[in-house]
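Participant: Residue 148 in this note's numbering is what sits at position 147 of the sequence shown, and the numbering runs on without skipping anything. A virtual CB, placed ideally from N, CA and C, is assigned to each residue, including glycine. Can you keep this structure in mind? I'll have questions shortly.
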Amino acid sequence: MEPWYWWGIPTFFKCPWDENPNNCDIALVGVPHSTGNGSTERDQHLAPRAIRNVSGWYRRAHQKFGIVPWDICRIHDLGDTPLPQAMNNDISVQHIEAYFKTIDAAGARPISVGGDHSITGPILKAIAGANAKTTGGRKCALLHFDAHRDDYQHLPHW
Numbered sequence: 002m003e004p005w006y007w008w009g010i011p012t013f014f015k016c017p018w019d020e021n022p023n024n025c026d027i028a029l030v031g032v033p034h035s036t037g038n039g040s041t042e043r044d045q046h047l048a049p050r051a052i053r054n055v056s057g058w059y060r061r062a063h064q065k066f067g068i069v070p071w072d073i074c075r076i077h078d079l080g081d082t083p084l085p086q087a088m089n090n091d092i093s094v095q096h097i098e099a100y101f102k103t104i105d106a107a108g109a110r111p112i113s114v115g116g117d118h119s120i121t122g123p124i125l126k127a128i129a130g131a132n133a134k135t136t137g138g139r140k141c142a143l144l145h146f147d148a149h150r151d152d153y154q155h156l157p158h159w
């Protein structure tokens, strides 16, 4: 690990960057998407980059318990979810689900950082659907940090 948080290519917590989900146990993934709100003016799509920059300052060990997750499992930053048509929410939601299905098929546990409320549904469908490898179709836990819940019933991708 480089000595200063501002050196090098920013990754989540300065962990290794590797786009192949087969090479990790925990996949840190950016989802830079904000057109689910009908606009990119709210800047949710900037969250992955900002959190990569800031997380480089953080300690990797839990001070009280002395646990270092990077010593226990393979944690990689997979980069950002490919969104070639980022301004089209309906297509982007499909791309998000497809990308997270590849992560699920590899057996990696995803931690996503991103965008607006429209990313939650496709991620859950990919990792907790009936054919999901990670959960085997069983219920899964969702740890969600946001100013509001993102499980609106009126969204078509739910």
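Tell me whether the beta-carbon of residue 109 lies closer than 8 Å to the beta-carbon of residue 11.
Facilitator: In the sequence shown, the residue the question calls residue 109 occupies position 108. In the sequence shown, the residue the question calls residue 11 occupies position 10. No, they are not a contact pair.
Participant: Once DSSP output is grouped into helix, strand and coil, what is the label at residue 94?
Facilitator: Here residue 94 corresponds to residue number 93 of the sequence shown, with the count starting at 1. Reduced to three states, the DSSP call for residue 94 is helix.
Participant: Look at the Cβ atom of residue 236, then the Cβ atom of residue 127, and state whether they are nearer than 8 Å.
Facilitator: The displayed coordinates of the chain run from 2 to 159. Any statement about residue 236 would go beyond what the structure contains.
Participant: In chain order, which continuous runs of the alpha helix (DSSP H) of length 4 or greater are located wholly inside the segment 18–65?
Facilitator: 48–56
Participant: Under 8 Å, with one C-beta from each stretch per pair, do the segment 15–33 and the segment 97–105 reach the 3-pair mark?
Facilitator: yes
Participant: State yes or no: is the C-beta of residue 131 within less than 8 Å of the C-beta of residue 122?
Facilitator: As a position in the sequence shown, residue 131 is number 130, starting the count at 1. As a position in the sequence shown, residue 122 is number 121, starting the count at 1. No, these two residues do not count as a Cβ contact at 8 Å.
Participant: In whole angstroms, what separates the C-alpha of residue 20 from that of residue 60?
Facilitator: What you label residue 20 is simply residue 19 of the sequence shown in a count that begins at 1. What you label residue 60 is simply residue 59 of the sequence shown in a count that begins at 1. Their Cα atoms are separated by approximately 24 Å.
Participant: If I'm right that residue 78 touches residue 13 with Cβ under 8 Å, what's the distance once you round it to whole angstroms?
Facilitator: Locating residue 78 in the sequence shown gives position 77, counting from the first residue. Locating residue 13 in the sequence shown gives position 12, counting from the first residue. Contact annotation, residue 78 with residue 13: C-beta distance approximately 5 Å; criterion of less than 8 Å satisfied.
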